[in-house]
Amino acid sequence: MTELDFIDQLKILATHPAARGLADDAAVLPFGRHKLVMTHDMLVEDVHFLPSADPADVAWKLIAVNLSDLAAKGAKPLGILMGYSQASDAAWDNAFVRGLKEAISHFRTPLLGGDTVSVGKGGKRALSLTAFGEAKGHIVPARSGAVPGHAIYVTGHIGDAWAGLQIATGKADATDIETSAALLKIYNRPEPKLEEGRALSSLVSTMMDISDGLLLDASRIAKASGLNLEIDLDRVPISPAFKTLFGDDQAARMNAATGGDDYQLLLTASPETVLPIEVTRIGQCRAGTGVSLKSNGESVELPESLGFIHT
2 MTELDFIDQL
12 KILATHPAAR
22 GLADDAAVLP
32 FGRHKLVMTH
42 DMLVEDVHFL
52 PSADPADVAW
62 KLIAVNLSDL
72 AAKGAKPLGI
82 LMGYSQASDA
92 AWDNAFVRGL
102 KEAISHFRTP
112 LLGGDTVSVG
122 KGGKRALSLT
132 AFGEAKGHIV
142 PARSGAVPGH
152 AIYVTGHIGD
162 AWAGLQIATG
172 KADATDIETS
182 AALLKIYNRP
192 EPKLEEGRAL
202 SSLVSTMMDI
212 SDGLLLDASR
222 IAKASGLNLE
232 IDLDRVPISP
242 AFKTLFGDDQ
252 AARMNAATGG
262 DDYQLLLTAS
272 PETVLPIEVT
282 RIGQCRAGTG
292 VSLKSNGESV
302 ELPESLGFIH
312 T
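All residue numbers for the sequence shown refer to the working numbering, where the first residue is 2 and numbers rise by one.
Structure below.
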């Protein structure tokens, strides 16, 4: 059974309106005059992080990926609950706690509780986190709100985390120390776009964070909204650091668009709407289904894999 097949079975059970049919990355409950936004994500060793990864970076990433889901809903973090598996390695645990402290302080998000379990020496670590946030007084964006004619935008640069992963796994030239260090930091310690999400949330028709790859996450908006997202590969914003190592041809851009771990925001809005922060327009919503690509005005065949999919 694939992950998507399993989620389809869970959708039958998730009938509460707050669950949004499990079509979003967060649940949304009334919270006085505002909304309580709740999300849960996991990081598993050898799946989401390398066994050689710095435990402090793993802790940071565990918090960051959850807060990124809150950012996509325009929510301000209120607190977190953590599930932690110990593998009889005190040095690893101590380094993880150090990174957790750094992230909690940096994001100003308190640890409120959680649970621990021992998986024994050499066991694979599975780490989980639930994050709570408050969205004030407006409709919380869903994946299902895109409208034909609306423009598609992203924040920041796409592909830097993929580039960092290539460096971390020895698949890219790391002789340019400054460039390599910058890309590794983006991969190891992502910065969720919390302020940007709050600034944008009342003006967009859809918004989600890019975790599994720009094209794959765009396809999720397309499916939820029942339309086509046409993306211009030439407009996808690529950083100078990425170009230094991987170039700027179509193959490099395709890697950026499918790599994942960006934790930028992908959004749609009326092209007439003046957005309050810097974003890059990369395409438009149209009648149809799925995602389509173009480059130099010509249609481009989609890659076999649009991004990271759990099998």
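Even for Gly, the Cβ is constructed at its ideal location relative to N, Cα and C.
Check                                                                                                                                                                          : Outcome
Over the uninterrupted alpha helix (DSSP H) stretch that includes Ala152, give me the two end residues.                                                                        : Segment 152 to 155 is the beta strand (DSSP E) holding Ala152; no alpha helix (DSSP H) there.
Pick from Leu303, His107, Pro78: whose alpha carbon is nearest that of Gln251?                                                                                                 : Leu303
Return the bridge partner residues of Met208 from the DSSP annotation.                                                                                                         : Leu268
Thinking C-beta only, is Pro193 closer than 8 Å to Ile68?                                                                                                                      : It is worth fixing the name first, because residue 68 is Leu in this sequence and not Ile. For Leu68 and Pro193, yes; Cβs fall inside 8 Å.
Would you give the residue range spanned by the alpha helix (DSSP H) that Ser181 belongs to?                                                                                   : 178 to 189
Lys77: buried (16+ other C-beta within 10 angstroms of its C-beta) or exposed?                                                                                                 : buried
Grab the span of the beta strand (DSSP E) containing Asn297 for me, first residue to last.                                                                                     : Note, Asn297: premise wrong, no beta strand (DSSP E); not H, not E.
Determine the burial state of Asn95: buried for a count of at least 16 other Cβ atoms within 10 Å of its Cβ, exposed for fewer.                                                : exposed
Between which two residues does the beta strand (DSSP E) harbouring Leu130 extend?                                                                                             : 127 to 136
What residue from Lys295, Ala169, Thr259, Leu71 has the CA that sits closest to Ile187's CA?                                                                                   : Ala169
If I measure Cβ to Cβ from Ala215 and keep anything under 6 Å in the same chain, skipping five residues before and after, which residues do I get?                             : The displayed chain sequence assigns Leu, not Ala, to residue 215. Excluding residues within five positions, the ones whose Cβ falls inside 6 Å are Ile159, Ala258.
Please return the same chain residues whose Cβ sits closer than 6 Å to the Cβ of Val292, not counting the five positions on each side in sequence.                             : Leu216, Ala219, Ser220, Ala223, Leu230
The alpha helix (DSSP H) with Phe7 in it runs from where to where?                                                                                                             : 4 to 14
Answer yes or no: do Ala54 and Gly100 have a C-beta to C-beta separation smaller than 8 Å?                                                                                     : no
State the CB to CB distance for the pair Arg254 and Arg282, rounded to an integer number of angstroms; the pair is presumed to be in contact (CB under 8 Å).                   : The Cβ separation is near 16 Å, so there is no contact.
If you draw a straight line from the alpha carbon of Gly84 to that of Leu166, how long is it in whole angstroms?                                                               : 25 Å
Using the C-alpha atoms, what's the distance from Gln285 back to Glu299?                                                                                                       : 15 Å
Is the CB-CB distance between Lys62 and Pro191 below 8 Å?                                                                                                                      : yes
Just reading off the alpha helix (DSSP H) that Ile140 is part of, what are its end residues?                                                                                   : Run containing Ile140: none; DSSP gives neither H nor E here.
To the nearest angstrom, how far is the alpha carbon of Thr274 from that of Leu195?                                                                                            : 20 Å
Per DSSP, which one or two residues make a beta bridge with Gly291?                                                                                                            : DSSP, once it has assigned bridges, lists no residue as partnering Gly291.
In three-state terms, what does DSSP make of Ala19?                                                                                                                            : helix
Is Pro56 buried or exposed, if buried means 16 or more other CB atoms sit within 10 Å of its CB?                                                                               : buried
Given Thr245, which residues of its chain have a CB within under 7 Å of its CB, disregarding the five upstream and five downstream residues?                                   : Asp177, Thr180
Is the distance from the Cβ of Leu128 to the Cβ of Met43 below 8 Å?                                                                                                            : yes
Suppose you measure from the CA of Pro241 to the CA of Asp263; what does that come to, to the nearest Å?                                                                       : 16 Å
Who are the near neighbours of Lys1 in its chain, counting only those whose CB is closer than 8 Å to its CB and skipping five residues on each side?                           : No answer is possible for residue 1: the residues shown for the chain start at 2 and end at 312.
Give me, in chain order, the residues of the same chain whose beta-carbon lies closer than 6 Å to that of Asn189; leave out the 5 immediate sequence neighbours on both sides. : Asp58
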